[in-house]
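Take 131 as the starting number for the first sequence in my numbering and just add one per residue. Ideal placement from N, C-alpha and C gives every residue a C-beta, glycine not left out.
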Amino acid sequence: MDISRTHLIEELNSSMEGQDVLFGGWVVDLRKLGKMAFLTVRDVTGLCQVIVKGDSMTLLEGLNRQSVVRISGKVQASKAKDFDFEVSAIEIQILAKAEYPLPIDPIGRLESDIDNRLNSRALDMRNQKTASIFKLRSQVLASIRETLINKKFIEINTPKIIGSASEGGADLFGLDYFGKQAYLAQSPQLYKEQMTIGLERVFEISSFYRAEKSHTGRHLSEFTSVDIEAAMMDYTDVMDILESIVIDVFKYTSENSKTEQQEIGHEIKVPNSPFERVTYTQALEELSGLDIKIEFGEDLQDSHLRSLGEKHSGFFFLTDWPMSLKPFYIHEKDDDPTLSRSFDLQYGYLELSSGGRRLHDPEQLKVRLKEQDLDPSSFEEHLKTFGWGMPPHSGWGMGLDRLMTVLVGIDNVREVVLYPRDPDRLKP
RNA sequence: GCCCUUGUAGUAUAGCCCGGUCUAGAAUUCGGCCCUGUCACGGCUGAGACGCGGGUUCAAAUCCCGCCGAGGGCGCCA
């Protein structure tokens, strides 16, 4: 079966009148008017109207919406409202039929439940709103890579099957690895730090796993994280990098996704920079002004972050957290050892990223491990690299899926992940 | 782990609170017929549903209980 095409739909134009073309895609709409018919056909690049008349009408037998067709025809001027030109069909080949009933309405005229759409995710991509979200996601990834590579970062891939828990905190998924206990990685933290020894500036964009039974619109068991780690940088340096990545993502997508923004019904606006930087201590004071009393050293609850988010709408950094709230590898401040060189990037109440300056002195690391009731001997593989000339370094991890929800203005992370995994969803 | 909401054709919904009017309604989709410029085409026509199991009642889509499914929130966590 010949499935070649001479043109993608976006390559067709009204100056080609009279020209024979061969293209293909899926049937979006089919309107039969007695002895003539209109169909609209979509490929990844666009939508084209096809007109069928006379003897060609027999070619429509058995054709239905969402089926895949290959059409040969002649370009001609169109009287249609939305098209300058159309293709008059000479031959219509049905390459694959769509079988009804379909589980969702792929046109999106009636918006189906998120549950139904996720169960039929591939078909959901025929819905231009959904497809646009993932086209945007691709642009976001491209933009982040471009920004980081321009700043001399090297993209790495660290293992997702690991032999021991990397940093405490979240519960890990355990698995049997040829009779040994293994885990799915919750973060590339230790590996990316190690890589600063030789590659100096590294980043990874990958899936990580948390076995938390969270039921919210912003948590998934499998999520995509953007991580960087850079030698010879302090936490404020990597905050600047994070900020420029976010700004670049918004700039890039706002300019390159006009169609997608229209489909989604959300205009991407480049945020103001620089982002506000609020210290943990200032945050406590602000909350105190709102009659919310929090002791130094207490973590900020969701409700506290919501209150702060109302005051600092949009992106802002929360910096200088108490050491007691931070993992063992975080570096303290010189002027106050109870405070850390750390930060979270917030969008309102939503935590997008957290990072900081890391300890690079193995002796200090061992002390901190013990303080947090972790056993230094189970970190031997990691600690030994610190004796090989570990440069001072800083980094962060950012939840890509959360950033996507901010970018497209949708508050459920499941909308921006192809096949989300949460405690109740393992399939498809 | 806790709390709230919810389940009606393929899809998305009305009806439920206040039981009988439900032979479950309108839309869209799907099938058939008519239609040569549609553009959410139109007209005629057909098919298609009360998640499962108990209970209350003369009578249950409607009230109660259990199970299963779904959505959201809290907590955990990023």
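Provide the residue span of the beta strand (DSSP E) that contains ARG481, from first to last.
-> Along the first sequence, read from residue 1 onward, the residue named residue 481 stands at position 351. Strictly speaking, residue 481 in this sequence is Glu, with Arg absent from that position. Looking at the DSSP string, the run of the beta strand (DSSP E) that includes GLU481 is 480-488.
Compute the distance between the beta-carbons of THR277 and LYS322, then report whether it is under 8 Å.
-> Locating residue 277 in the first sequence gives position 147, where the first residue counts as 1. Locating residue 322 in the first sequence gives position 192, where the first residue counts as 1. Against a cut-off of 8 Å, the Cβ pair of LYS322 and THR277 comes out as no contact.
Identity of the residues DSSP links to ALA226 by a beta bridge | Sequence index remark: in the first sequence, residue 226 carries index 96 (1-based). Paired residue(s): VAL198.
Based on Cα-Cα distance, which residue from GLU545, PHE458 and TYR479 lies nearest to PRO506?
-> Position 376 of the first sequence holds residue 506. Ranking the options by Cα distance to PRO506, first place goes to PHE458.
Of the residues ASP432, ILE224 and GLN412, which one's Cα is nearest the Cα of TRP451?
-> Numbered from 1 along the first sequence, position 321 holds the residue referred to as residue 451. Sorting ASP432, ILE224 and GLN412 by C-alpha distance to the C-alpha of TRP451 places GLN412 at the top.
Stretch-stretch touch, CB-based, cutoff 8 Å, three pairs: the region 346-358 with the region 212-219 = The region 346-358 vs the region 212-219: no contact.
When the Cα atoms are used, what is the spatial distance from GLN316 to PRO550?
-> As a first step, residue 316 is located in the first sequence; it is residue number 186 there, counting from the start. As a first step, residue 550 is located in the first sequence; it is residue number 420 there, counting from the start. The alpha-carbon atoms of GLN316 and PRO550 are separated by roughly 16 Å.
Which class does GLU359 belong to by DSSP, given the choice of helix, strand or coil?
-> Stepping through the first sequence from its first residue, residue 359 is reached at position 229. GLU359 falls in the strand class under three-state DSSP.
Can you give me the Cβ contacts of ASP531 inside the same chain, cut-off strictly under 6 Å, excluding the 5 residues immediately before and after it?
-> Residue 531 sits at position 401 when you count from the first residue of the first sequence. Shown here for ASP531: same chain residues with a beta carbon closer than 6 Å to its own, the five before and five after excluded, namely PHE353, THR354, VAL543, VAL546 and VAL547 in chain order.
Go ahead and label SER470 buried or exposed: buried means 16 or more other beta carbons lie within 10 angstroms of its beta carbon, across all protein chains shown.
-> Looking up residue 470 in the first sequence gives position 340. A buried status is given to SER470, since no fewer than 16 other beta-carbon atoms sit within 10 Å of its beta-carbon.
Under the assumption that SER387 contacts GLN269 (Cβ atoms under 8 Å), give the Cβ distance between them as a whole number of angstroms.
-> Within the first sequence, the letter at position 257 stands for residue 387. Within the first sequence, the letter at position 139 stands for residue 269. Approximately 6 Å separates the beta-carbon atoms of SER387 and GLN269; this is inside 8 Å, confirming the contact.
Inter-stretch contact at 8 Å, needing at least 3 Cβ pairs: the region 510-522 / the region 471-482 | Touching, no, given that fewer than three Cβ pairs across the two stretches are closer than 8 Å.
Sub-8 Å separation of ALA361 and GLU330 beta-carbons | Counting from 1 along the first sequence, the entry for residue 361 is found at position 231. Counting from 1 along the first sequence, the entry for residue 330 is found at position 200. With respect to the 8 Å criterion, ALA361 and GLU330 are classified as neighbours on the basis of their beta carbons.
Tell me, please, which residues DSSP counts as bridged to SER470.
-> Start at 1 with the first residue of the first sequence, and residue 470 comes out as number 340. Bridge partners of SER470: GLU462.
Out of LEU189, PHE153 and VAL180, which has the shortest C-alpha to C-alpha gap to SER134?
-> The residue given as residue 134 occupies position 4 in the first sequence. Per the Cα distances, PHE153.
Kindly indicate the opening and closing residues of the alpha helix (DSSP H) around ASP150.
-> Walking along the first sequence from the start, residue 150 turns up at place 20. Under the DSSP assignment, ASP150 falls outside any alpha helix (DSSP H), being part of the beta strand (DSSP E) whose first and last residues are 150-163.
Taking buried to mean at least 16 other C-beta atoms within 10 Å of its own C-beta, is HIS345 buried or exposed?
-> For this step, residue 345 is matched to residue 215 along the first sequence. Counting Cβ neighbours within 10 Å, HIS345 comes out exposed, since fewer than 16 surround it.
Does the pairing of the region 301-318 with the region 424-432 give three or more beta-carbon distances under 8 Å?
-> No contact exists between the region 301-318 and the region 424-432.
At what residues does the alpha helix (DSSP H) containing ALA167 begin and finish?
-> For the purposes of this step, residue 167 is identified with residue 37 of the first sequence, where counting begins at 1. Note, ALA167: premise wrong, no alpha helix (DSSP H); beta strand (DSSP E) at 166-173.
Whole angstroms is fine: what's the gap from GLU390's alpha carbon to LEU169's?
-> Working through the first sequence from its first residue, we reach residue 390 at position 260. Working through the first sequence from its first residue, we reach residue 169 at position 39. Cα to Cα, the separation comes out at about 23 Å.
Within 10 angstroms of the Cβ of MET325, are there 16 or more other Cβ atoms? Answer buried if so, exposed if not.
-> As a first step, residue 325 is located in the first sequence; it is residue number 195 there, counting from the start. Buried, by the Cβ-count rule.
Which residue comes first and which comes last in the beta strand (DSSP E) that contains GLY527?
-> Here residue 527 corresponds to residue number 397 of the first sequence, with the count starting at 1. That run of the beta strand (DSSP E) goes 523-529.
Tell me which same chain residues have a C-beta within less than 8 Å of the C-beta of ILE244, skipping the five on either side of it?
-> Numbered from 1 along the first sequence, position 114 holds the residue referred to as residue 244. So the qualifying residues of the chain are ASN542, ARG544 and GLU545.
Taking the CB atoms as reference points, tell me whether LEU102 and PRO236 lie closer together than 8 Å.
-> The question about residue 102 has no answer here: the residues shown for the chain are numbered 131 through 558.
Unbroken beta strand (DSSP E) run spanning ASP306, endpoints = Stepping through the first sequence from its first residue, residue 306 is reached at position 176. ASP306 -> beta strand (DSSP E) spans 304-307.
Over what stretch of residues does the beta strand (DSSP E) that includes VAL182 continue unbroken?
-> Taking the first sequence and counting its residues from 1, one reaches residue 182 at position 52. For VAL182, the enclosing beta strand (DSSP E) covers residues 176-183.
Beta-carbon spacing of VAL180, ILE201 below 8 Å | Looking up residue 180 in the first sequence gives position 50. Looking up residue 201 in the first sequence gives position 71. In this structure, VAL180 lies near ILE201, with their beta-carbon atoms less than 8 Å apart.
Measure the alpha-carbon distance for TYR382 versus SER242 and round it to whole angstroms.
-> Here residue 382 refers to the residue found at position 252 of the first sequence. Here residue 242 refers to the residue found at position 112 of the first sequence. For the pair TYR382 and SER242, the Cα-to-Cα distance works out to about 30 Å.
Excluding sequence positions up to five away, which residues of its chain have a Cβ less than 7 Å from the Cβ of GLU140?
-> Here residue 140 refers to the residue found at position 10 of the first sequence. Closer than 7 Å at Cβ, skipping near neighbours: THR175 and GLY176.
With VAL332 as the anchor, note down where its beta strand (DSSP E) starts and where it stops.
-> Against the first sequence, residue 332 aligns to sequence position 202. In the DSSP assignment, VAL332 falls within the unbroken beta strand (DSSP E) covering 331-339.
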